[in-house]
Amino acid sequence: MNQETAVIRNFTVQLSPTPRGARLARLLATEQLRSWGLPSDPAEHIVAELATNAATHGRVPGRDFRLTLYVVAGTLRIEVTDTRGDRLPCAQPPAADAESGRGLVLVEALADKWGVAPGLPPRKTVWAEVVLPPNPGNRCSGATGGLVQETRR
54 MNQETAVIRN FTVQLSPTPR GARLARLLAT EQLRSWGLPS DPAEHIVAEL ATNAATHGRV
114 PGRDFRLTLY VVAGTLRIEV TDTRGDRLPC AQPPAADAES GRGLVLVEAL ADKWGVAPGL
174 PPRKTVWAEV VLPPNPGNRC SGATGGLVQE TRR
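The sequence shown begins at 54 in my numbering and counts up one residue at a time.
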């Protein structure tokens, strides 16, 4: 009997809702992706923006935020859960002279999909998905769907 086994990669960590916690989220995500043999770009930028938003806008003293990464069927899903379910994010272009407010505009540009899911009160999860490139070292993966035929001369 030939059975194919699906591998689901999963990483979760709780972090303090501080600038240091947001920075650590990016560093840990980058290292986790490296250990899985996956590219860190653009995921590290998405994690940085979502974690910074959790530390800035989702901060409740004494309550951590959670970063979750998982890969299923060639898609990396990034989730950041905070404890401010009453503050839902939306991507809006900021004023030209604004010093902040571009985070979700960047997430929208870098991710293939993103959104917000309500959680158990008082939580919400902001998520983003990135379709991973095919593995260039594996001749069985590729975007063309065609067969490679070698000819010997």
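The beta carbon of each residue, even a glycine, is placed where N, CA and C say it ideally should be. Model, not experiment: these values are computed from the prediction.
Cβ separation of residue i and residue j, assumed to be a contact under 8 Å, to the nearest whole Å
| i | j | result |
| --- | --- | --- |
| Ile99 | Ile131 | 5 Å |
| Pro142 | Val125 | 24 Å between Cβ atoms; not a contact. |
| Pro175 | Asp139 | 7 Å |
| Arg116 | Pro70 | 7 Å |
| Leu120 | Ala78 | 5 Å |
Limits of the unbroken alpha helix (DSSP H) element including residue i
| i | result |
| --- | --- |
| Gln67 | It is not in any alpha helix (DSSP H) - Gln67 instead sits in the beta strand (DSSP E) that spans 62-68. |
| Ala129 | Note that residue 129 corresponds to Leu in the displayed sequence, not to Ala. Element bounds for Leu129: not the alpha helix (DSSP H) but the beta strand (DSSP E), 128-135. |
| Leu159 | 156-163 |
| Val100 | 96-109 |
Under the three-state DSSP convention, the category residue i falls into
| i | result |
| --- | --- |
| Gly168 | strand |
| Glu182 | strand |
| Arg73 | helix |
| Leu173 | coil |
Residue i: first and last residue of the uninterrupted beta strand (DSSP E) it sits in
| i | result |
| --- | --- |
| Val124 | 118-125 |
Beta carbon of residue i nearer than 8 Å to that of residue j
| i | j | result |
| --- | --- | --- |
| Thr105 | Phe118 | no |
| Leu185 | Leu68 | no |
| Leu103 | Val179 | yes |
| Arg112 | Lys177 | no |
_Contact between the segment 68-87 and the segment 152-168 is defined here as three or more beta-carbon pairs at a separation below 8 Å; is this criterion met?_
With the cut-off at 8 Å, the segment 68-87 and the segment 152-168 do not touch.
*Taking contact to mean at least 3 C-beta pairs separated by less than 8 Å, is the segment 141-157 in contact with the segment 60-80?*
No, they do not touch.
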